[in-house]
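Visitor: Quick note on numbering: the sequence shown equals residues 62 to 641 in our numbering. Have a look at this one.
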Amino acid sequence: MHLARRHRTALAVAALGAGVGLAPLQSASADPATPAIAVGMNQRIDMWGPAGDMDLTVTAPPTADAYIRLELEGYKADNLTFTDEAGNTLPLVHDDRNEYVLIGADDSDHNGVKGAPLAEGVVHLHVSAGYPAYSNIQTRAYLIDGATGTVVAHSTPNTEAPLFVDQPYLSTSWQNAQGSTVYDSAVTVATGDTHPVDERLSLQMLMRTVPNSTRTRLVFTAQQISAAGYTASQLADAVRIGYSADDDQFTRSTWTLGPDGSLMIELPALSGWQPWAQKYQYLHFDAAWGLPAGTLTGTLEVRDSEGKQYAGLREDLKFAADVVPAFARAAFYGRDSAGVLWQYQASPTPQYTHYTTRAKVGGGWQIYNAVTKLSALKADGTGDLVARDSSGILWYYQGTGNIRSPFAPRTRVGAGWQTYTTLVGAGDLTGDGHPDLLARDHDGILWLYQGTGNPAAPFTARTRIGAGWNAYTTLIGGTDLTGDGHPDLLARDHDGILWLYQGTGNPTAPFTARTRIGAGWNAYTALVGTYDMTGDGKPDLLTVDHDGTLWLYGGTGNPTAPFASRAKIGTGWSIYGNLI
Numbered sequence: 062m063h064l065a066r067r068h069r070t071a072l073a074v075a076a077l078g079a080g081v082g083l084a085p086l087q088s089a090s091a092d093p094a095t096p097a098i099a100v101g102m103n104q105r106i107d108m109w110g111p112a113g114d115m116d117l118t119v120t121a122p123p124t125a126d127a128y129i130r131l132e133l134e135g136y137k138a139d140n141l142t143f144t145d146e147a148g149n150t151l152p153l154v155h156d157d158r159n160e161y162v163l164i165g166a167d168d169s170d171h172n173g174v175k176g177a178p179l180a181e182g183v184v185h186l187h188v189s190a191g192y193p194a195y196s197n198i199q200t201r202a203y204l205i206d207g208a209t210g211t212v213v214a215h216s217t218p219n220t221e222a223p224l225f226v227d228q229p230y231l232s233t234s235w236q237n238a239q240g241s242t243v244y245d246s247a248v249t250v251a252t253g254d255t256h257p258v259d260e261r262l263s264l265q266m267l268m269r270t271v272p273n274s275t276r277t278r279l280v281f282t283a284q285q286i287s288a289a290g291y292t293a294s295q296l297a298d299a300v301r302i303g304y305s306a307d308d309d310q311f312t313r314s315t316w317t318l319g320p321d322g323s324l325m326i327e328l329p330a331l332s333g334w335q336p337w338a339q340k341y342q343y344l345h346f347d348a349a350w351g352l353p354a355g356t357l358t359g360t361l362e363v364r365d366s367e368g369k370q371y372a373g374l375r376e377d378l379k380f381a382a383d384v385v386p387a388f389a390r391a392a393f394y395g396r397d398s399a400g401v402l403w404q405y406q407a408s409p410t411p412q413y414t415h416y417t418t419r420a421k422v423g424g425g426w427q428i429y430n431a432v433t434k435l436s437a438l439k440a441d442g443t444g445d446l447v448a449r450d451s452s453g454i455l456w457y458y459q460g461t462g463n464i465r466s467p468f469a470p471r472t473r474v475g476a477g478w479q480t481y482t483t484l485v486g487a488g489d490l491t492g493d494g495h496p497d498l499l500a501r502d503h504d505g506i507l508w509l510y511q512g513t514g515n516p517a518a519p520f521t522a523r524t525r526i527g528a529g530w531n532a533y534t535t536l537i538g539g540t541d542l543t544g545d546g547h548p549d550l551l552a553r554d555h556d557g558i559l560w561l562y563q564g565t566g567n568p569t570a571p572f573t574a575r576t577r578i579g580a581g582w583n584a585y586t587a588l589v590g591t592y593d594m595t596g597d598g599k600p601d602l603l604t605v606d607h608d609g610t611l612w613l614y615g616g617t618g619n620p621t622a623p624f625a626s627r628a629k630i631g632t633g634w635s636i637y638g639n640l641i
């Protein structure tokens with residue numbers, strides 16, 4: 062069927078069969094024997110704004126059946142919507158190169174050939190854009206022979222028209238440790254750092270048709286969280302994000318956990334938008350010490366009140382260990398021959414190769430023949446200890462939380478403690494939140510004194526654990542070597558074999574049967590269990606050999622092999638008669 066030239070000539074539309082208008086040309090082609098097609102776009106369009114007009118001008122069309130193919134070259138061109146004059150949506154088709162629209166490709170004259178004879182004129186289309194869409198999309202129109210699929214004519218650079226999609230522009234910036242401003246890149250967050258990282262979000266509304274208000278949100282999908290090696294609850298607990306509208310006063314934002322396992326923080330709305338306006342929002346990032354290092358990838362999204370997205374930007378948070386906070390570091394003490402007590406702290410950097418310079422706690426400690434910690438001694442000045450003087454009186458020193466003066470004045474516990482050959486702080490063996498004390502008497506019986514939490518009367522009456530403990534020359538308690546939440550006990554026998562007694566949390570039977578760690582531990586004159594020395598969250602063991610060399614055995618958390626190979630971390634430690 063031949064389509065006669067008229068003011069509106071119906072063309073079949075691919076897949077829909079909708080009418081597309083051809084308006085007559087005002088003048089004929091310079092060479093009417095040569096088919097030609099051109100694209101005209103006389104305006105820019107706004108994302109989610111009113112549709113713009115596009116004209117496809119056909120001159121000297123072939124007499125055989127033919128149709129039009131409009132190709133789109135640009136990122137996310139599939140989010141464009143084309144409609145004809147009748148309001149019918151033209152489907153976008155995808156191939157391995159780009160997207161395209163077919164116009165008049167149906168066999169409207171029912172002769173078994175795609176298309177129909179075309180008439181000269183203009184096809185009027187309307188085009189709109191959703192999110193995401195590239196701002197500059199190249200268009201090219203083709204006249205296609207319906208029988209062979211070959212190109213009869215195509216638009217040329219002089220007759221092609223780029224499609225401009227105006228849209229908001231979202232960007233980020235933050236200042237790195239070197240003081241340089243970094244744009245649209247991963248934000249490095251040092252875990253445990255007390256100084257949050259400040260990031261600025263900039264949103265420019267680079268279009269004429271603007272939404273009434275927008276909200277920006279930071280989203281991490283369940284897949285992104287898992288790929289980074291985290292869990293949603295772990296991140297919600299450890300990562301804190303503050304918000305400010307003016308980079309002055311920040312308020313804590315609340316994580317929203319989605320039913321699909323995603324995490325999201327939504328920022329307050331930005332309202333009063335005007336064309337071409339720019340607004341800023343500010344975020345603070347900090348993360349708790351102990352969050353494993355890793356890079357978490359998410360997305361910043363900008364949406365209007367109806368949920369339509371206007372902008373998006375990849376957001377990477379790179380978590381890295383920084384200065385180990387004081388509450389996560391061990392403190393340990395040495396008493397010299399003059400009775401002066403000295404304090405050492407694990408290094409604030411997560412390395413086990415060094416410790417801080419010693420600090421003097423005070424003198425007069427030579428009056429004690431036994432000193433033991435009750436709970437973990439930390440670099441924040443927490444942790445209690447007890448000391449027995451030469452007359453058998455036991456004294457209690459409570460931690461102050463002030464590392465410069467870590468112990469409060471002593472309080473008397475009671476007399477008669479000379480009956481014990483060994484006193485060992487055990488940590489919280491019973492699970493009641495109070496540190497306990499172990500005592501071995503001259504007969505080798507081990508006794509448990511449960512803590513009360515009351516400095517004036519810190520222990521209950523003793524209960525018997527068992528006999529035969531004279532087999533050991535050294536007992537070391539108070540640290541959870543196995544990671545099960547119960548403090549364990551180390552014991553070195555006369556042959557130099559080190560044994561592990563795992564804690565149970567049961568006051569009537571606080572330890573399991575012993576397991577052997579290894580031999581050769583008689584090489585050491587001192588063994589002391591410490592809180593974390595290496596920044597890995599596991600308790601460790603310090604030893605001093607006969608030459609005064611200080612060795613570190615890093616904890617592994619593995620009951621069958623609780624320590625890594627030893628590392629030499631100091632010399633000259635023979636000056637201390639007692640390590641705590």
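For glycine and all other residues, C-beta sits at the position ideal for the given N, C-alpha and C. Predicted model only: the values in this text are computed from it and were never measured.
Return the first residue and the last residue of the alpha helix (DSSP H) that D298 is part of.
Guide: Unbroken alpha helix (DSSP H) run through D298: A293 to A299.
Visitor: Near Q239, which residues of its chain fall below 7 Å by C-beta distance, leaving aside the five closest residues on each side in sequence?
Guide: Cβ neighbours of Q239 beyond the five flanking positions: none.
Visitor: Please classify W337 as buried or exposed, where buried requires at least 16 other C-beta atoms within 10 Å of its C-beta.
Guide: Exposed.
Visitor: Report the rounded CA-to-CA distance for A194 versus V212, giving the unit in angstroms.
Guide: In a straight line, the C-alpha of A194 is about 28 Å away from that of V212.
Visitor: On a Cα-Cα basis, can you pick out the residue from T360, N567, A121 and Q335 that is closest to I286?
Guide: Answer by Cα proximity: T360.
Visitor: Cβ atoms of G566 and G492: under 8 Å apart, would you say?
Guide: Yes, the Cβ-Cβ distance between G492 and G566 is below 8 Å.
Visitor: Report yes if the CB atom of F388 is closer than 8 Å to the CB atom of K439, and no otherwise.
Guide: Yes. Within cutoff.
Visitor: Tell me the residue span of the alpha helix (DSSP H) that contains I428.
Guide: Per DSSP, I428 belongs to no alpha helix (DSSP H) and is neither H nor E.
Visitor: If you draw a straight line from the C-alpha of D608 to the C-alpha of D549, how long is it?
Guide: The alpha-carbon atoms of D608 and D549 are separated by roughly 29 Å.
Visitor: Ignore the nearest five residues each way along the sequence and tell me which others in V300's own chain have a CB closer than 6 Å to its CB.
Guide: Excluding sequence neighbours, V300 sits near A348.
Visitor: Would you kindly report the start and end of the unbroken beta strand (DSSP E) that includes A214?
Guide: A214 -> beta strand (DSSP E) spans V212 to H215.
Visitor: Between the Cα of A138 and those of T118, P467, S196 and D107, spot the shortest distance and give me the residue it belongs to.
Guide: When each option's Cα is compared against that of A138, the closest is S196.
Visitor: Return the CA-CA distance between A382 and Y192, expressed in angstroms with no decimal places.
Guide: Their backbone Cα atoms lie some 38 Å apart in a straight line.
Visitor: Is there contact here, the segment 368 to 376 with the segment 294 to 312, by at least three beta-carbon pairs under 8 Å?
Guide: Result no; under three Cβ-Cβ pairs closer than 8 Å.
Visitor: Residue ranges of each beta strand (DSSP E) run of no fewer than 3 residues wholly in the segment 331 to 370, ordered along the chain?
Guide: Entirely contained in the segment 331 to 370, the beta strand (DSSP E) runs reaching 3 residues are, in chain order, 339 to 348 and 355 to 365.
Visitor: Look up I636 in the DSSP assignment and say whether it is helix, strand or coil.
Guide: I636 falls in the helix class under three-state DSSP.
Visitor: What residue range is occupied by the uninterrupted alpha helix (DSSP H) comprising I286?
Guide: A283 to A288 is the extent of the alpha helix (DSSP H) around I286.
Visitor: Exposed or buried, what is D245 when buried is set at 16 or more other beta-carbons lying within 10 Å of its beta-carbon?
Guide: So D245 counts as exposed.
Visitor: Among residues of its own chain, excluding the 5 on either side of V174, which ones have a beta-carbon nearer than 7 Å to its beta-carbon?
Guide: D126, D168, G207 and A208, listed in sequence order.
Visitor: Check this for me: beta carbons of A625 and T632, under 8 Å apart or not?
Guide: Not a contact, by the Cβ cut-off of 8 Å.
Visitor: Mind reading off the beta-carbon distance from L267 to Q228? Whole number of angstroms is fine, and I expect it under 8 Å.
Guide: With 8 Å as the limit, L267 and Q228 qualify as a contact, their Cβ atoms being about 7 Å apart.
Visitor: Could you tell me if E367 is buried or exposed, where buried requires 16 or more neighbouring beta carbons within 10 angstroms of its beta carbon?
Guide: With fewer than 16 other Cβ atoms within 10 Å, it is exposed.
Visitor: Since G579 sits in a beta bridge, which residues does DSSP pair it with?
Guide: The partner list for G579 (beta bridge, DSSP) reads L559.
Visitor: Indicate whether L455 and G423 have their beta-carbon atoms separated by less than 8 Å.
Guide: Cβ atoms of L455 and G423: not closer than 8 Å.
Visitor: Spatial neighbours of Y458 within its chain, please: C-beta separation below 6 Å, excluding the five flanking residues on both sides.
Guide: Same-chain partners within the cutoff: L446, F468 and R471.
Visitor: Which of the three DSSP states is assigned to F311 in this structure?
Guide: If DSSP states are grouped into helix, strand and coil, F311 belongs with coil.
Visitor: Just how far apart, CA to CA, sit Y533 and A517?
Guide: Roughly 32 Å between the two C-alpha positions.
Visitor: Among the candidates N515, T315, T124 and H171, whose CA atom is the shortest distance from the CA of P178?
Guide: Considering only alpha carbons, the answer is T124.
Visitor: Considering Cα atoms alone, identify which of Y592, L490 and T621 is closest to I641.
Guide: Ranking the options by Cα distance to I641, first place goes to Y592.
Visitor: Under three-state DSSP, which class holds T535?
Guide: Of the three classes helix, strand and coil, the one that applies to T535 here is strand, per DSSP.
Visitor: Where do the N-terminal and C-terminal ends of the beta strand (DSSP E) with T621 fall, by residue?
Guide: Premise fails: T621 is in no beta strand (DSSP E) and is neither H nor E.
Visitor: According to DSSP, which residues form a beta bridge with M115?
Guide: Paired residue(s): M102 and L186.
Visitor: So is A574 buried or exposed if we call it buried at 16+ other beta carbons inside 10 Å?
Guide: So A574 counts as exposed.
Visitor: Rounded to whole angstroms, what's the CA-CA distance from G453 to G475? Just pull it up for me.
Guide: Computed Cα separation, rounded: 8 Å.
Visitor: For A315, I'd like the list of residues in its chain whose CB is within less than 8 Å of its CB, leaving aside the five on either flank, ordered along the chain.
Guide: One point to set straight first is that residue 315 is Thr, not Ala, in the sequence displayed. Here the set comprises I326.
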